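Residue numbers for the sequence shown, in our numbering: 23 to 204.
Data block below; observations after.
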Amino acid sequence: MKKQTKQLIESDLRRVYDLPLTAKQRFFFPLQMKYLKLWRKASAASGLSRTLLSLKLERLSERTQIQIPPEVKAGPGLYIGHLGRVIIHPDTVLGSNVNLSTGVTIGQTNRGSRKGVPVIGDRVWIGTNAVIVGGITIGNDVLIAPGAYVTSDVPDHSVVIGNPAVIRPRENATEGYINRQV
23 MKKQTKQLIE
33 SDLRRVYDLP
43 LTAKQRFFFP
53 LQMKYLKLWR
63 KASAASGLSR
73 TLLSLKLERL
83 SERTQIQIPP
93 EVKAGPGLYI
103 GHLGRVIIHP
113 DTVLGSNVNL
123 STGVTIGQTN
133 RGSRKGVPVI
143 GDRVWIGTNA
153 VIVGGITIGN
163 DVLIAPGAYV
173 TSDVPDHSVV
183 IGNPAVIRPR
193 ENATEGYINR
203 QV
């Protein structure tokens, strides 16, 4: 395994655990963390290895309901809080220290001025059942509240609430929400 991939896996684990893992932590390793570890390996692989790892990822996706294709680009410290439906478009870009809650959908818009896929910044907390779609940019230090439907750009240091989304500026918007940043 490449050094960079190993560092990314460790950064994801550090969001939850002190490293190295204890025997008890290894035994009770959460399924969503197993998914992230396999996803990081599949993302870094190429050729036949990537194909085989992608097939394993699909099988694990059936158990976890998490669907993050290997093509997704994500910085260090990705965190998925619980098992449950998480769907991310393959062209999505995620920054560092991003939290994904159950029911999150990040997808593409195929027409109009916002055609494309979201780019999400650093230290972004995305709440349960939030939907983020279109060629938009989510800034750094952004909290997207549960149930929000986001179809427009969000500046740094903001809280996004509701459907349609209402954006409210707030310094340290994710303070207390994104723990153990890497």
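For glycine and all other residues, C-beta sits at the position ideal for the given N, C-alpha and C.
Note that this is a predicted model, so its numbers are computed, not measured.
Looking at the secondary structure, which residues open and close the beta strand (DSSP E) in which residue i lies?
i: threonine 127; result: 127-129
i: serine 180; result: 180-183
i: valine 164; result: 164-166
i: arginine 190; result: 188-191
Does DSSP put residue i in a helix, a strand or coil?
i: glutamine 54; result: helix
i: lysine 206; result: No answer is possible for residue 206: the residues shown for the chain start at 23 and end at 204.
i: arginine 107; result: coil
i: arginine 202; result: coil
i: glutamine 89; result: strand
Go to residue i, then tell me how far its alpha helix (DSSP H) extends in each direction, as first and last residue.
i: leucine 43; result: Segment: none, leucine 43 is in no alpha helix (DSSP H) and carries neither H nor E.
i: isoleucine 154; result: Here isoleucine 154 belongs to no alpha helix (DSSP H); instead the beta strand (DSSP E) covers 153-155.
Taking its Cβ as the centre, do 16 or more other Cβ atoms sit within 10 Å of residue i, making it buried, or is it exposed?
i: asparagine 121; result: buried
i: threonine 86; result: buried
i: valine 153; result: buried
i: threonine 196; result: buried
i: aspartate 163; result: buried
i: glycine 161; result: buried
i: alanine 64; result: buried
Tell me, which residues are paired with residue i by DSSP?
i: asparagine 121; result: Tyr101 and Trp147
i: leucine 60; result: Partner(s): none; leucine 60 has no beta bridge.
i: threonine 159; result: Val141
i: leucine 116; result: Ala96 and Ile142
Closer than 8 Å is the cut-off here; do at least three beta carbon pairs connect the segment 196-204 with the segment 141-150? As far as the Cβ criterion goes, the segment 196-204 touches the segment 141-150, which means the pair count is three or higher.
With contact counted as at least three CB pairs below 8 Å, one residue from each stretch, are the segment 36-53 and the segment 94-107 in contact? The segment 36-53 vs the segment 94-107: in contact.
Validate contact between the segment 58-74 and the segment 28-47 using beta carbons, cut 8 Å, 3 pairs: Result yes; three or more Cβ-Cβ pairs closer than 8 Å.
Contact between the segment 34-48 and the segment 74-84 is defined here as three or more beta-carbon pairs at a separation below 8 Å; is this criterion met? No contact exists between the segment 34-48 and the segment 74-84.
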